[in-house]
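Everything on this sheet refers to the single structure shown next.
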Amino acid sequence: MVDKQHTVQFDVIKDKKDMTKMILTDVYNALKEKGYNPVNQLVGYLISGDPTYITNYNGARALVSKLERDDILEEVLKAYLEIK
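Structure, rendered in structure tokens:
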């Protein structure tokens, strides 16, 4: 039963972070399954913007195109530096 007395909170920033992580994980796994070096392929994509660095396997190219490259870099940098 849904409690209609309390307001549901929506956290856009957390949802964006979670979505970015989920998509990058799926793309990483698709690249790995196809025998590519996922880190090299993702770096190539992030630097060039050329989606052909990402395989079509398991819809990885379509998934990564849902994200802006600068948003990906922002989340990766935050995670690397362990910034919340």
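Count along the sequence shown starting at 1, add 150, and that's the number in our numbering. Glycine is no exception: its CB is placed at the ideal position from the N, C-alpha and C atoms.
Practice task
Tell me whether Q191 is buried or exposed, calling it buried when 16 or more other Cβ atoms sit within 10 Å of its Cβ.
Solution key: With at least 16 other beta carbons inside 10 angstroms of its own, Q191 counts as buried.
Exercise for the section: Could you say which of K154, M172, H156, T157 lies nearest to E225 if we only look at CA atoms? Expected result: Answer by Cα proximity: M172.
Problem - Q155 - containing alpha helix (DSSP H), residue span - result: Boundaries cannot be given for Q155, as no alpha helix (DSSP H) includes it and DSSP labels it neither H nor E.
Problem - Residue span of the alpha helix (DSSP H) that contains G194, given as start and end - result: That run of the alpha helix (DSSP H) goes 188-198.
Handout entry: V193 burial status per 10 Å Cβ neighbour count (16 or more: buried)
Key = Only exposed fits V193, as fewer than 16 other CB atoms lie within 10 angstroms of its CB.
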